[in-house]
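Shown next, in structure tokens, is the structure this report addresses.
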Amino acid sequence: MVMPSKQREDMNQAIVDYLESHGYNQTASVFRQEANVVLTVDITYAVAPPDENADPARKAQSAGLLEKKWTLTIRLQQKILNLEEKLKQVEKEAVYGGSTISRDNRRVQEDWIPRPPERYQLTDHRLPVTKVIFHPLFNLVASSSEDCTIK
């Protein structure tokens, strides 16, 4: 994957910031030389005096950036895995006609009678739902309830 030069510079600066903030000063100086990273203000001033050409705004922008990106990547990967699992479940429900899969992964019409606990709640009916029927071609559902209504 090819990164634009601005992103590469930001990544290299974030790596240098991470190395310096965790005490890897020699590694940071070698990496800074090899990656041609512009020196920024050292917040501790213990390793090197502040540079006149340093950009303090860039240093503040890159502070902790590598750790933030890393944790964000982990959270996004977890979210992707959860969404993929939900997608598989929804696809399975769509294929087999409902949320509860019975014997041999097929649902017969007798299994479609709603039973507690309900997974979804239809708010238009005043009494319990007695039947739910799906249209064979369109994305339509009809439900009937004990209050003699069809929605």
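First residue of the sequence shown? That's -3 in this note's numbering, and the numbers climb one at a time after it. Every residue, glycine too, gets a C-beta built ideally from N, C-alpha and C. Here the structure is a predicted model, which means the values were calculated and not measured.
Worksheet item: In its own chain, which residues sit with a C-beta less than 7 angstroms from the C-beta of Phe134, not counting the 5 before and 5 after it?
Response: Excluding residues up to 5 positions away in sequence, nothing lies with its Cβ nearer than 7 angstroms to the Cβ of Phe134 in the same chain.
Discussion item. For a test of the three-state rule: what should DSSP assign to Val125, helix, strand or coil?
Written reply: Here DSSP, grouped into helix, strand and coil, assigns Val125 to strand.
Discussion item. Give me, in chain order, the residues of the same chain whose beta-carbon lies closer than 7 angstroms to that of Ala24; leave out the 5 immediate sequence neighbours on both sides.
Written reply: So the qualifying residues of the chain are Val12, Leu15 and Glu16.
Worksheet item: Which stretch, first to last residue, makes up the beta strand (DSSP E) that contains Val137?
Response: Boundaries of the beta strand (DSSP E) harbouring Val137: Val137 to Ser141, taken from the DSSP string.
Worksheet item: Would you say Asn8 and Val33 are within 7 angstroms of each other, going by their C-beta atoms?
Response: Taking 7 angstroms as the cut-off, the Cβ atoms of Asn8 and Val33 count as close.
Worksheet entry | Member of Gln73, Lys88 and Asp6 whose CA lies at the smallest distance from the CA of Gly60 | Distance check between Gly60 and each of Gln73, Lys88 and Asp6 places Asp6 closest, using alpha-carbon atoms only.
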